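Peer 1: Mind looking over this structure? Questions follow.
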C-alpha cells in the first residue's frame, strides 16, 4: 500500500499539478492505487524552469518543490517561510515537497548544515521571480503599471482602486508559468526579480512550529518503513560472522522448509534470505547455515590496541603541514614545552532505526523508497550498481530514522534493488540492530599529539597539532562500489578515497604554529565493519577535543583563567579576521561566560572533600562561519566515576536565523549528541569482529543523563553595521564540536585529573581518579 | 500457523500466523498500525511500545500468543479526532526531531501519567530512562511530559527578543 501522501504526490505530479489544495502533509486520505504505475523514465527535473519549483493552485495556495531532505531539523518548514515571504503568500497557504528525484530539482539532498547557508538561495530567488511574473500578469489584466499594484497574502490590488483585486489562484491557478530561469547550475538559478531585504521579510525570522511534527505524534506520518507494495516480499541479510571472512558454503536445506521461505540470495560474500513475511525472513536469516573461512591475517587490531597501532603504523596518506611562522625555532627557544596526546575511538552512527529500503522493479524500472538524505546520489549509486540507465531509477524520499550521515552512505537500497531485480518483485530490506550497530559506517578514530612552547614570560609562542586519523578508504555519498553489498560482492575501487585528518578551527593568534593531519589504514580496508563515513561534523569533535583540551592544559600550566587565556590569544595583534570570525569568536566566548556567571580563576579548583566533585569547563570552535562556545558544569562521583553534566551553556552565532524555534531545538539536540559522544559512545572490537552490537554494548545518552539546565545564548549579529544583508550560516553541526573538550576541561577542573580519552565512561574515569590519588 | 484474535484500539481482529510471531509485525504488517516502530528487536530501545493492561509493553519481543488483554497503539490515543494531551504537549514543545522513537516516548509517558499524574523530575527521568532517542530530543520530551501533567509550563519558549539579535 502506498502512503496516500505519496500517491497524491506522484499521481498528480505526472500531470504537472496537484489535484487538490496542496497541503499534502495533512491530507492523508485512504490510498487507492499504486504510485509505481508511473511508468518512467524518471528524468531529473529542470531547475531552470520556474514550474519545477512552484505550483500555484486555483484555491490560491502554493506548493514548493525543493531538492532537499529534512531529517528533522525543520528545514522544510524554514524553506516554506523563506519562499512564502518572497512570494508574498501566507505561510499556512503553502506546502513543501522534498527530495524525490523525479519530482524535485537536484539539490543533492541534505548534509553539512548547508540548507540555509547555500541551498535556500535559489528557492528565495525563484519565489521572488514567481511574484514578479504574477505582478506582470496583474498589470496586464488591469492595465496599470506594476508599481501601481500592491500585493499581500497572494492577492494583488490596484493601489488607486482597491476594488480591483485578483488572487494568484485566479491569475495562474492550475496553469504553468512557462518561465525560463537563468543560471549555470542549481545554486545559481535566478530570474529577473530581486530577493527582499531583511527588513522586508515578515514570515522569516519568526518562530514557526514544524509542519512535520503533528503527523509524527498522531501516527499519521507514513514513514519509509511503512511502504507496502502488492506482491512485496521481505529480505534480511546474513552477515559474515567474522570481518573479511570468505563464504565457503550455504546449506539451503537449513531453511527451505521454513514457512514462507522464497529464496537465498548470494553473490561473492553477500548473503540474504527472502521470505513472504517479515518475521519469516528474520527467522530464516538467523537459521540459515553458512560456513566461512577466516582471513589469514587479522583485519584490525582490537579496540584496546588501536591507539598503540596508530602510534606505530606508517601513514597511508599525508597532507602538507599548515605552518605559520617558524615553529621549530619557537620550540627550540622555549623556556618550557608542554606535550599531551588525545585519543578518540571509532564512534558509530548507530541510527535509531536500522537501515531500510524498499525497491520496486515494476515496468523494468527501479523505484527506491528511502529516507536517504542524499537521494540524488542514491539514484546514481543504485543505477550504476545495477548497470541501469540513471533515468530508469528514481528515489522517493520519505521520513525515516535520522542517521547523522549514515544515510549519505546508505546500504539497504542497493541490497533491496539487487534482490528486487533478481526476483522481479518488490522487496523490503531492513537491517537488524546488531547489523546496524556493528556494520554501519563509523566516525574515524583519532590520535592527536599536541605540543606547546612557552617563553620565559609564559606566553604561548609555539603550537603543534599532529593528528593521526584512522580514515583510509572513507566512504562518500552512495558510491556504488563502496556500499557494503558491492564490497562483499568483490567490487573494489581502483582509486581509494584517502580520507582526512582535520585540523582544529580556532582563531588563536599563536605566532608559530604547525598543524599536520595524516591518515592511517587498518590492515583491512574492504568488507570491513570499520568503514569510515561522515558523522555529523566529520572530524570536528575529534580535532576540537584535542585542541581545546590542550589550550586548557596550557592555561593551567601558567595558572591562567582558561577563558581569559583564550581571549588573550584571540585578541593578540593580527589582521586575520575572515568573516569577522575573530570578533564573533570573542563575542560567543564572552556571551557564554556572562550567561554562566563565569568565575575567573585558574583550573583546577582546590579539590573538594565530598563524594561528588564539581567543576566547569569552557571550549570554543567554529564550523565554516558558525561560531560556538560552550561551558559545561559537571558533577564527578569519585566513588563510581560517574560524570553528570549538570548544566550546559551554549553561545552560538550562525548569522541570520530563519526559524528561531527549530534553530533552538536543533542546537539542543546537537549538543546533547555531543554529550553522548563525550560520555558514552565507543565502538569496541576484537581482532575478528566488532563486539558493539546493540544499545548495551554501544551505549547512548539516556533521559537520566540530560542536564538539569540547557541554556542556548543567541549571539547572532554582525559586527559590521554597513553590511547590507545578514548572511545565513549552518546551525546544527557546529554545536557538537567543542562539547567533548568542554566536558574534559570541566572534569579536570573538578578533579585535577586530565583524561585525554573519550568517552568518559565511569570505569575509565574511576581508574583515572584512582591513578591520580583522587 | 494458528488463528489468534486480538483486540486493538477498540476493534477486534483475527490473524492466522505463527503464534511465536512478535506482536510488532502483526500490528504493522497485518493491521496497518504503523505507529509502533522496529528499533532493535531486543526490547532495549522502546520504539515498538504499546500499552496492554495499563503497562507499557515492548511489542518487538512479545509473542502474539502471549498477548492477554486489549492493546492500545499510538493510533488509539486520540479520541473523537481530539489529540491526547500528551500528543498536544508534544506539538507545543516541538518535541520530536526525526520522530522515529516518539511512539515509544509518548506511550511510555502515557503509562507514567496514568499511574502518576504529577510526576517529579526524578520520576520522569527514571521511568523514561530505557526509552531511547538518538536525536537526543530528551529535554523536549521531558518538558512535554511536564506540560501535559500541568506541573510546569513551557520549559524554554522562544521569545521575540531571540528573533533577531
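Protein chains in written order, with the numbering used here: chain A, 1 to 774; chain B, 1001 to 1165.
All C-beta atoms in this analysis are idealised placements derived from N, C-alpha and C, irrespective of residue type, glycine included.
Source: prediction; values computed, not measured.
Is the segment 649-656 of chain A touching the segment 522-541 of chain A in the sense that three or more CB pairs, one from each, lie closer than 8 Å?
Peer 2: At 8 Å Cβ cutoff, the stretches do not touch.
Peer 1: Helix or strand or just coil, what does DSSP make of residue 110 of chain A?
Peer 2: Residue state, collapsed to three classes: coil.
Peer 1: Look up residue 1026 of chain B in the DSSP assignment and say whether it is helix, strand or coil.
Peer 2: Three-state DSSP puts residue 1026 of chain B in a helix.
Peer 1: Report buried or exposed for residue 73 of chain A, applying the criterion of at least 16 other Cβ atoms within 10 angstroms of its Cβ.
Peer 2: When all chains shown are included, residue 73 of chain A counts as buried.
Peer 1: Looking only at DSSP bridge pairs, what is residue 1019 of chain B linked to?
Peer 2: DSSP, once it has assigned bridges, lists no residue as partnering residue 1019 of chain B.
Peer 1: Among the candidates B/1146, B/1111, B/1118 and B/1026, whose CA atom is the shortest distance from the CA of residue 1051 of chain B?
Peer 2: If we check each option's Cα against that of residue 1051 of chain B, B/1111 comes out closest.
Peer 1: If you draw a straight line from the alpha carbon of residue 26 of chain A to that of residue 91 of chain A, how long is it in whole angstroms?
Peer 2: Because residue 26 of chain A carries a pLDDT of 26, less than 50, the predicted location of this residue cannot be relied on, and no value is offered for it.
Peer 1: Does chain B have any CB closer than 8 Å to the CB of residue 225 of chain A?
Peer 2: Interface residue, yes.
Peer 1: Is the segment 1052-1063 of chain B touching the segment 754-767 of chain A, taking contact as three or more C-beta pairs under 8 Å?
Peer 2: No: fewer than three Cβ pairs fall under 8 Å.
Peer 1: Going by C-alpha to C-alpha distance, which of A/369, A/362 and A/570 sits closest to residue 510 of chain A?
Peer 2: Looking at the Cα atoms, A/570 is the closest of the given residues.
Peer 1: Given that residue 415 of chain A touches chain B, what residues does it touch there, using C-beta distances under 8 Å?
Peer 2: Going along chain B, no residue has its Cβ under 8 Å from residue 415 of chain A, so there is no contact; the nearest lies around 17 Å.
Peer 1: Taking residue 161 of chain A as part of the beta strand (DSSP E), name the residues at either end of that continuous run.
Peer 2: Per DSSP, residue 161 of chain A belongs to the beta strand (DSSP E) from 161-167.
Peer 1: If you draw a straight line from the alpha carbon of residue 1022 of chain B to that of residue 1048 of chain B, how long is it in whole angstroms?
Peer 2: When rounded, the distance between both Cα atoms is 11 Å.
Peer 1: Grab me the residues of residue 229 of chain A's own chain with a C-beta within less than 6 Å of its C-beta, minus the 5 sequence neighbours each way, in chain order.
Peer 2: These residues qualify, in order along the chain: 360 and 426.
Peer 1: Tell me, please, whether the CB atom of residue 739 of chain A is closer than 8 Å to any CB atom in chain B?
Peer 2: No, because no Cβ of chain B sits closer than 8 Å to the Cβ of residue 739 of chain A.
Peer 1: For a minimum of 4 consecutive residues, which ranges assigned as the alpha helix (DSSP H) are wholly contained in the segment 287-325 of chain A?
Peer 2: Qualifying alpha helix (DSSP H) stretches, in chain order: 306-312.
Peer 1: Taking 8 Å as the CB-CB limit, is residue 1039 of chain B close to chain A?
Peer 2: Yes, residue 1039 of chain B lies at the interface with chain A (some Cβ there is under 8 Å from its Cβ).
Peer 1: Have a look at the DSSP bridge pairing and note the partners of residue 757 of chain A.
Peer 2: Looking at the DSSP assignment, residue 757 of chain A forms a beta bridge with A/343.
Peer 1: Quick one, are the C-beta atoms of residue 388 of chain A and residue 412 of chain A less than 8 Å apart?
Peer 2: Against a cut-off of 8 Å, the Cβ pair of residue 412 of chain A and residue 388 of chain A comes out as no contact.
Peer 1: Do residue 591 of chain A and residue 745 of chain A have their C-beta atoms closer together than 8 Å?
Peer 2: Taking 8 Å as the Cβ cut-off, residue 591 of chain A and residue 745 of chain A do not qualify as a contacting pair.
Peer 1: Which residues of chain D have a Cβ atom closer than 8 Å to the Cβ of residue 518 of chain A, listed in chain order?
Peer 2: In summary, chain D is missing from the structure at hand, where the protein chains are A and B.
Peer 1: In this structure, does DSSP put residue 40 of chain A in helix, strand or coil?
Peer 2: Reduced to three states, the DSSP call for residue 40 of chain A is coil.
Peer 1: For residue 303 of chain A and residue 309 of chain A, what's the separation of their Cα atoms in angstroms?
Peer 2: The straight-line gap from Cα to Cα measures roughly 10 Å.
Peer 1: Can you have a look at residue 611 of chain A and say buried or exposed, based on whether 16 or more other CB atoms are within 10 angstroms of its CB?
Peer 2: Burial call: exposed.
Peer 1: Could you give the DSSP three-state label for residue 656 of chain A: helix, strand or coil?
Peer 2: Note: residue 656 of chain A maps to coil in three-state DSSP.
Peer 1: Going by C-alpha to C-alpha distance, which of A/267, A/581, A/81 and A/182 sits closest to residue 484 of chain A?
Peer 2: Minimum Cα distance to residue 484 of chain A is reached at A/267.
Peer 1: Note down the Cα distance separating residue 194 of chain A from residue 97 of chain A, rounded to an integer number of angstroms.
Peer 2: Approximately 24 Å between the Cα atoms of the pair.
Peer 1: Is the beta carbon of residue 72 of chain A within less than 7 Å of some heavy atom of the ligand SAH?
Peer 2: Ligands in the displayed structure: none, and consequently the ligand SAH is not present.
Peer 1: Taking all protein chains shown into account, do 16 or more other C-beta atoms lie within 10 angstroms of the C-beta of residue 758 of chain A, making it buried, or fewer, making it exposed?
Peer 2: Residue 758 of chain A is buried by the Cβ-count criterion.
Peer 1: Using a Cβ cut-off of 8 Å (strictly closer), state whether residue 1022 of chain B contacts chain A.
Peer 2: With 8 Å as the cut-off, residue 1022 of chain B counts as an interface residue toward chain A.
Peer 1: Sorted by chain position, which residues of the same chain lie with C-beta nearer than 6 Å to residue 51 of chain A's C-beta, five sequence neighbours on each side aside?
Peer 2: Cβ within range, chain order: 176 and 177.
Peer 1: Mind pulling the chain A residues with CB within less than 8 Å of residue 1047 of chain B?
Peer 2: In chain order: 352 and 353.
Peer 1: Would you call the CB atoms of residue 172 of chain A and residue 81 of chain A closer than 8 Å?
Peer 2: No, these two residues do not count as a Cβ contact at 8 Å.
Peer 1: Just the C-alpha distance for residue 518 of chain A and residue 300 of chain A, rounded to the nearest angstrom, thanks.
Peer 2: Distance between the alpha carbons of residue 518 of chain A and residue 300 of chain A: 18 Å.
Peer 1: Out of A/644, A/272 and A/476, state which residue places its alpha-carbon closest to the alpha-carbon of residue 247 of chain A.
Peer 2: The candidate whose alpha carbon is nearest that of residue 247 of chain A is A/272.
Peer 1: Run through DSSP, which three-state label would residue 1004 of chain B get?
Peer 2: Note: residue 1004 of chain B maps to strand in three-state DSSP.
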